[in-house]
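Trainee:
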Amino acid sequence: MAQLEHIEAIEKRLWSAADTLRANSNYASNEYFLPVMGLVFLRHAYSRFLGVKDVIEANLPTRGGKTRALTKEDFSQQSAIYLQPQAQFDYLVSLPGSADRAKAIIEAMESIEKDYDNLRGILPKSEYQELDNDVLGQLLRTLNPEELKTVKGDVFGRIYEYFLTQFADQKAHDAGEFFTPISLVSLIAHVLDPERGTVLDPACGSGGMFVQSARVVEERDDDPTRRFTFNGLEKNATTIRLAKMNLAVH
Numbered sequence: 002m003a004q005l006e007h008i009e010a011i012e013k014r015l016w017s018a019a020d021t022l023r024a025n026s027n028y029a030s031n032e033y034f035l036p037v038m039g040l041v042f043l044r045h046a047y048s049r050f051l052g053v054k055d056v057i058e059a060n061l062p063t064r065g066g067k068t069r070a071l072t073k074e075d076f077s078q079q080s081a082i083y084l085q086p087q088a089q090f091d092y093l094v095s096l097p098g099s100a101d102r103a104k105a106i107i108e109a110m111e112s113i114e115k116d117y118d119n120l121r122g123i124l125p126k127s128e129y130q131e132l133d134n135d136v137l138g139q140l141l142r143t144l145n146p147e148e149l150k151t152v153k154g155d156v157f158g159r160i161y162e163y164f165l166t167q168f169a170d171q172k173a174h175d176a177g178e179f180f181t182p183i184s185l186v187s188l189i190a191h192v193l194d195p196e197r198g199t200v201l202d203p204a205c206g207s208g209g210m211f212v213q214s215a216r217v218v219e220e221r222d223d224d225p226t227r228r229f230t231f232n233g234l235e236k237n238a239t240t241i242r243l244a245k246m247n248l249a250v251h
């Protein structure tokens with residue numbers, strides 16, 4: 002319970018800081034939400050990357066006293082995204098004030114899409130050109146507090162969901178129609194109690210039903226990636242992007 006309360010406190014602090022930055026910079030929610038969700042995705046990917054990197058390196062084969070280089074396949078086997086150096090969050094945070102942060106973030110997103118076909122055309126890119134360079138710097142630092150480096154569990158999945166909830170309340174995209182409250186989706190998933198097979202959501206929005214169905218299986222200490230195939234229909238192209246990023250951070 003203490004761990005959950007700690008994560009909830011982090012969610013609220015991160016949202017408060019990010020939204021205060023938006024308000025002080027005079028951006029509308031619909032200009033701000035997709036770039037923010039993209040950075041939450043990127044911060045999650047980096048956390049997962051670091052979480053498995055040491056394990057992978059410890060088990061790499063050696064030949065002639067040399068250890069081979071890390072590959073995308075090494076990280077895929079650990080359900081993580083391989084990040085090129087320019088796509089790693091600490092690199093983006095450490096950019097000097099004179100750097101073109103929008104360009105750097107776009108290059109980071111492009112490098113991920115190049116390696117992962119399922120994310121091609123999904124991650125925010127041109128949207129970052131609409132934000133002020135200093136705002137991007139502050140936003141990167143906001144999403145990179147020290148406490149996030151020690152918290153265990155699905156913290157970034159929870160943060161992504163929390164930010165979706167807050168942006169839906171602000172009607173940042175399609176009057177919030179992309180998002181059904183997590184508590185309601187969780188209730189439906191537990192009533193259905195799926196065990197295996199195909200989960201179809203004909204109006205999937207941001208993918209919450211898939212995430213909650215997976216959690217039902219995880220509560221039984223099982224692996225949803227072995228149990229389920231997820232199929233969803235969604236008419237809005239931006240909402241599809243939100244859903245695919247949502248699944249990626251879980």
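In the working numbering, the protein residues as written are 2 to 251.
All residues carry an ideal CB built from backbone N, CA and C; glycine is no exception.
1) Which of the three DSSP states, helix, strand or coil, is assigned to F231?
2) Once DSSP output is grouped into helix, strand and coil, what is the label at R197?
3) Just grab the DSSP bridge partners of D202 for me.
4) Which value, in whole angstroms, describes the spacing of the CA atoms of A204 and K236?
5) Which residues mark the beginning and the end of the alpha helix (DSSP H) in which F211 is found?
6) For I241, which residues in the same chain have their Cβ closer than 8 Å to its Cβ, ignoring the five residues on either side in sequence?
7) Name the DSSP beta bridge partners of R64, please?
8) Mapping DSSP to helix, strand and coil, what is Q89?
9) Going by DSSP, what residue range makes up the alpha helix (DSSP H) through E148?
10) Please go through the same chain and pick out, in chain order, the residues whose beta-carbon is closer than 7 Å to the beta-carbon of S1, but skip the five residues on each side of it.
11) Leaving aside the five residues before and after I11 along the sequence, list all residues of the same chain whose C-beta is less than 8 Å from its C-beta, in chain order.
12) Beta carbon of V212, beta carbon of N247: below 8 Å?
13) My output table needs one value for F34: the three-state DSSP class, helix, strand or coil.
14) For Q78, is the classification buried or exposed, using 16 other Cβ atoms within 10 angstroms of its Cβ as the cut-off for buried?
15) Find out if the Cβ-Cβ distance for the pair P195, S207 is shorter than 8 Å.
16) Taking all protein chains shown into account, decide if K245 is buried (16 or more other Cβ within 10 angstroms of its Cβ) or exposed.
Mentor: Taking the definition as stated:
1) strand
2) coil
3) G233
4) 8 Å
5) 209-219
6) I123, E235
7) K67
8) coil
9) Neither: E148 is in no alpha helix (DSSP H) and is coded neither H nor E.
10) Within the shown structure, residues of the chain are numbered from 2 to 251, placing residue 1 beyond reach of any answer.
11) P146, E148, L149, V152, V156, I160
12) yes
13) helix
14) exposed
15) no
16) buried
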